[in-house]
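What follows is a single structure, written as C-alpha cells, with notes after it.
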Ligand SMILES: NC(=O)c1ccc[n+]([C@@H]2O[C@H](COP(=O)([O-])OP(=O)(O)OC[C@H]3O[C@@H](n4cnc5c(N)ncnc54)[C@H](O)[C@@H]3O)[C@@H](O)[C@H]2O)c1
Ligand SMILES: [Zn+2]
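Numbering (our numbering), first residue to last: 140 to 490.
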C-alpha cells in the first residue's frame with residue numbers, strides 16, 4: 140500500500156495497492172468521524188464490489204446507504220444527477236455525512252458533482268475501479284455531467300477527501316475498457332515518463348503510482364485548468380473529434396490513442412517533434428492492441444474540433460510531443476488545424 144499526497148486547494152491522499160478495497164472504511168476514518176455514507180455505484184460495479192465496500196464501511200462505524208444507477212456513459216446526465224440528489228435529500232444526508240463514489244469515471248464524475256452541489260458541498264471519497272479512473276478521473280477534482288450539447292459541459296471543481304485505488308479491481312475489466320486506461324497511461328508516458336510504457340504489462344501498481352504522480356504535479360500547478368493542466372489534453376483535441384465522428388463507437392481511450400499519433404505526426408511535419416517519434420508511438424500503441432488510424436478526413440477532424448469548448452478566440456492550444464517524455468503547448472491558428480491534422484494523417488493516422 141502506498142500513498143501519494145495531492146496538494147491542491149484541498150490536501151488528500153491517493154492510496155494505491157492490491158486488495159485494499161476492504162480497507163476503504165478504515166482509510167476513510169482518517170479523513171472523517173463516523174457518519175453516514177452514501178455509496179454511489181453503477182449496477183455492473185455494484186454487483187462485483189458493493190458488498191465488500193459496504194462491509195468495510197460498516198466495520199469502521201459508518202452507517203451505509205446505497206444509490207445504484209445503470210452503467211454506461213448514457214447515464215451521465217442531469218436527470219441521473221437530479222435523481223441522485225433527491226435520494227440524498229430523502230435520506231436526510233447532512234453536511235457532516237459523505238459520499239463514496241465506487242466505480243469508473245462516469246460514477247466518479249457524477250457522484251463528485253453531487254457532492255459538490257448537495258447542501259452546497261459535502262465531502263466525498265473516490266474508489267476508482269477502472270484503470271482510467273484510477274490514473275485520471277479520480278484525481279484532480281473535475282466533476283460533472285454531460286449535456287445534450289456535449290460531454291462534461293456542466294460541472295464543478297470539487298476535490299475528493301481521499302482516493303482508494305485497489306488495482307485488483309482491474310482484473311474484472313474487459314480488455315477494451317482496460318485499453319481505454321492504457322491509452323491514458325501511454326499519454327502520461329509521452330508527456331513525462333517513457334518507462335511507463337514498459338511497466339503497464341509488468342507492474343500495474345507502479346504504473347498507477349507514476350501516472351498519479353504526474354497528474355498530482357499538474358493539478359498542484361494548475362488546479363483550475365488555466366495553463367499547464369492543458370498538457371493532459373495530449374491526443375484529446377483530435378481524439379474528441381474522432382469520438383464524436385464515430386458517434387462514440389470509438390471509445391475515449393481508443394480515440395485518444397489515434398489523437399496522439401495525429402499530434403505527433405503533425406508535430407513532425409512542423410519540425411516540433413523529433414523524427415521517428417510518431418513511428419515509436421505507433422509501435423507502442425499497436426503493441427497493446429490500440430488503434431493508430433482512423434477513416435476520417437482532416438477537414439472533418441478539424442471542423443468538429445473547432446466546434447469544441449476548448450477553443451479560445453482564433454487560436455487553439457495543441458499539445459505536441461517533442462519526443463517521448465516531453466511535450467510542448469503550441470498555440471495554433473484555427474485556420475491551420477486542418478493542415479496539421481492532414482500532416483498527422485499522412486504519418487500513419489489515416490486508415
Ligand atoms: N474528471 C476527470 O478528470 C476525468 C478524466 C478522464 C475521464 N473522465 C470521465 O470518465 C468517464 C470514463 O471513465 P471510465 O472509462 O471509467 O467509464 P465508466 O465509469 O463508464 O466505466 C466503464 C465500464 O466499466 C464498468 N466497470 C467499471 N469498473 C469495473 C470493474 N472493476 N470490473 C468490471 N466492470 C467495471 C462500468 O460498469 C462501465 O460499464 C467519462 O465520462 C469521462 O468524461 C473524467
Ligand atoms: Zn482522457
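Using N, Cα and C, we set each Cβ at its ideal position, and we do this for glycine too.
Taking the DSSP output, what are the residues bridged to residue i?
i           : result
residue 462 : 465
residue 350 : In DSSP, residue 350 forms no bridge with anything.
residue 411 : The partner list for residue 411 (beta bridge, DSSP) is empty, contrary to what the question assumes.
residue 151 : 145
residue 291 : Answer is none; residue 291 lacks a bridge partner.
Using the beta-carbon count (16 or more within 10 Å), is residue i buried or exposed?
i           : result
residue 193 : buried
residue 236 : buried
residue 374 : buried
residue 208 : buried
residue 231 : exposed
residue 184 : buried
residue 233 : exposed
Let me know the secondary structure DSSP gives residue i once reduced to three states.
i           : result
residue 431 : coil
residue 170 : coil
residue 369 : helix
residue 422 : helix
residue 207 : strand
residue 475 : helix
residue 234 : coil
residue 338 : helix
residue 470 : strand
residue 270 : helix
residue 215 : coil
residue 242 : strand
residue 397 : helix
residue 356 : helix
residue 264 : strand
Express the C-alpha separation of residue j and residue i in angstroms, rounding to a whole number.
i           : j           : result
residue 361 : residue 368 : 6 Å
residue 248 : residue 277 : 8 Å
residue 174 : residue 220 : 22 Å
residue 371 : residue 327 : 8 Å
residue 202 : residue 176 : 6 Å
residue 206 : residue 143 : 29 Å
residue 250 : residue 336 : 31 Å
residue 163 : residue 196 : 7 Å
residue 124 : residue 359 : Coverage of the chain is limited to positions 140 through 490, which leaves residue 124 absent and any answer about it impossible.
residue 430 : residue 317 : 14 Å
residue 433 : residue 376 : 15 Å
residue 329 : residue 296 : 26 Å
residue 390 : residue 212 : 10 Å
Counting contacts by CB-CB distance shorter than 8 Å, is residue i in contact with chain B?
i           : result
residue 380 : No chain B is part of this structure, which consists of one protein chain only.
State the CB to CB distance for the pair residue i and residue j, rounded to an integer number of angstroms; the pair is presumed to be in contact (CB under 8 Å).
i           : j           : result
residue 440 : residue 380 : 5 Å
residue 280 : residue 147 : 6 Å
residue 272 : residue 243 : 5 Å
residue 456 : residue 468 : 5 Å
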